[in-house]
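Asker: FYI, in our numbering the residues of the sequence shown are -3 to 151. Just so it is clear, CB atoms sit at the ideal spot from N, CA and C, and this is done for glycine as well. No experiment lies behind these values; they were computed from the predicted model shown. What follows is a structure written as structure tokens; I'll ask about it next.
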Amino acid sequence: MWAIICAASVILFPLIGMLIGSKKLNLSYQAGKMIFQEKKDEDAEKQYDSQYKMIRALLGSQTAYGIAEALLILIKSGMIKGGYQPAFMTTSRICAALAAALISLIMTLLMAEKAGKTLIGLASHPENLSGLMNSVTGSQMVTIACVVVLALLYL
């Protein structure tokens, strides 16, 4: 039972974060597009569009990490391979899975918020592309660290 709850949470929390974050990010993207319409700089606008698509893909990857975590939980608890082992789902493992899900949700929302603000700044100053990548990469690294810690706990 706890294996299913933990597996569902590590998938659903990042998915919820991605949906909420995508809406926020889309609003920032639309505001940036208005700035580019005033400037009429087609090269910078194409670069802006490609960065927006890349950030959307990174938001989607947060959910992919959740799926990897869920598979790890289900395999190690015996739900997928057979031979369910309820003793495997100790309190510490349950707490770790739920914490990883919550951290993933928070990092997805933070990533979308930072990227949205940086997208608007990028529309005003296209030369600040590295700031966008730094804000997104930091949130991504925290999520990857959560996946690694959870994997080590489950091994």
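CB C2 to CB A95, shorter than 8 Å?
Answerer: Not a contact, by the Cβ cut-off of 8 Å.
Asker: For A108, is the classification buried or exposed, using 16 other Cβ atoms within 10 angstroms of its Cβ as the cut-off for buried?
Answerer: Buried: at least 16 other Cβ atoms inside 10 Å.
Asker: Identify whether G56 lies in helix, strand or coil by the three-state DSSP scheme.
Answerer: helix
Asker: Do you know whose CA, among T104, N22, M137 and G74, lies nearest I7's CA?
Answerer: T104
Asker: Using CA atoms only, rank isn't needed, just tell me which of Q33, E65, S24 and S88 is closest to I51.
Answerer: S24
Asker: Below 8 Å on the Cβ atoms is my contact criterion, and I expect P10 with G62 to pass it. Report the Cβ-Cβ distance as a whole number of Å.
Answerer: 4 Å
Asker: Taking 8 Å as the cut-off, decide whether the C-beta atoms of Q43 and G13 are in contact.
Answerer: no
Asker: Check for me: the alpha helix (DSSP H) holding G17 runs from which residue to which?
Answerer: W(-2) to K35
Asker: CA-CA distance, Q26 and L15?
Answerer: 17 Å
Asker: Quick check on this structure: which residue in K19, D45, V145 and I99 has the alpha carbon closest to the alpha carbon of G28?
Answerer: D45
Asker: Alpha carbon to alpha carbon, how far is Q47 from R89?
Answerer: 37 Å
Asker: Could you check whether A141 and I69 sit closer than 8 Å to each other, using their CB atoms as the reference points?
Answerer: no
Asker: What residue from K49, A40 and E34 has the CA that sits closest to G112's CA?
Answerer: It is K49.
Asker: Grouping DSSP H, G and I as helix and E and B as strand, with all else coil, what is T86?
Answerer: coil
Asker: With the cut-off set at 8 Å, would you say A97 and S5 are in Cβ contact?
Answerer: yes
Asker: Taking the Cβ atom as the reference point for each residue, do L67 and G17 lie within a distance shorter than 8 Å?
Answerer: no
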